[in-house]
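Presented below is the structure to which this report refers.
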Amino acid sequence: MEVGKTRTRWPVRTYAQVVPGASGRVLVVDDNKVIRQLIRVNLELEGLEVVTAADGAECLDVVHQVRPDVVTLDVVMPRLDGLTTAAELRADPRTRDLPLAIVSACTQHEVEAGLGVGVDAFLAKPFEPSELVRVVLELVEARGRELGSTGSTGPTGASGADGGASGAGGASGAERAGRSTGSS
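Heads up, the sequence shown is in this note's numbering, so the first residue is 192 and it goes up one at a time.
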């Protein structure tokens, strides 16, 4: 696990609730170190705290310590792929409502499988950094609204959201569903 310059002490409820002016914490999961660094730099420039993991197994090991507001997942990774990791996160009551974004090739199969396990957003590689930031910030903001509207004080704030996604489309490289836009 790599931690950016904005590291805080753990455990904390969520970064946005602890540090004034901070916009959230993202757990970036990708086996490619260059891609992890690219995502990290772009998100940190937007004021997000970023923690990284090299694969799904590492993600599952650290997610409860890190307590992210959003998780980005590559699909093809050693030990545990992104879709299986997403399914494991959805099966755990502590993380079932955690916003998940797939950052991968986003084939039709990946999108359908991701929607089946409740992935919230899809961003196709290669991606525009501005599109990555937009998708992640939308998920962080939606997460903040969910936590605020339910009054939850838990580490991931089980909000009662279905965690599912409905509809996908668009040729822009980003496909969002469910919470991220509310549109089909």
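Virtual Cβ for every residue (Gly too), placed ideally from N, Cα, C.
Predicted, not measured: the structure shown is a model, and the values here were computed from it.
Beta-ladder partner(s) of residue i, from DSSP
| i | result |
| --- | --- |
| residue 318 | Residue 318 pairs with nothing; no bridge assigned. |
| residue 244 | 220 |
| residue 293 | 264 and 313 |
Where residue i falls, given that 16 or more other Cβ within 10 Å makes a residue buried
| i | result |
| --- | --- |
| residue 298 | exposed |
| residue 254 | buried |
| residue 282 | exposed |
| residue 348 | Low confidence applies here, because residue 348 scores a pLDDT of 33, under 50, leaving its location unreliable; read the following figure in that light. When all chains shown are included, residue 348 counts as buried. |
| residue 336 | exposed |
| residue 290 | buried |
| residue 303 | exposed |
| residue 339 | exposed |
| residue 215 | buried |
| residue 267 | exposed |
| residue 231 | buried |
| residue 346 | Unreliable placement is indicated for residue 346, whose pLDDT of 37 sits below 50; the coordinate value is still reported in the next sentence. Buried, since its Cβ has 16 or more Cβ neighbours within 10 Å. |
| residue 334 | buried |
| residue 175 | As shown, the chain starts at 192 and ends at 375. That puts residue 175 outside it, with no answer to give. |
Expected contact under 8 angstroms - CB spacing of residue i and residue j to nearest Å
| i | j | result |
| --- | --- | --- |
| residue 218 | residue 259 | 4 angstroms |
| residue 264 | residue 293 | 6 angstroms |
| residue 233 | residue 317 | Contact flag wrong, Cβ pair sits at about 13 angstroms. |
| residue 261 | residue 327 | 6 angstroms |
| residue 308 | residue 278 | 4 angstroms |
| residue 272 | residue 245 | Not really, about 13 angstroms apart at Cβ, beyond 8 angstroms. |
Item checked: Any beta strand (DSSP E) of 3 or more consecutive residues that is wholly inside the segment 258–285 -> 261–264
Next item on the list: Flag this pair as touching only if the segment 243–260 and the segment 308–316 have three or more C-beta atom pairs under 8 angstroms; answer yes or no.
Entry: no
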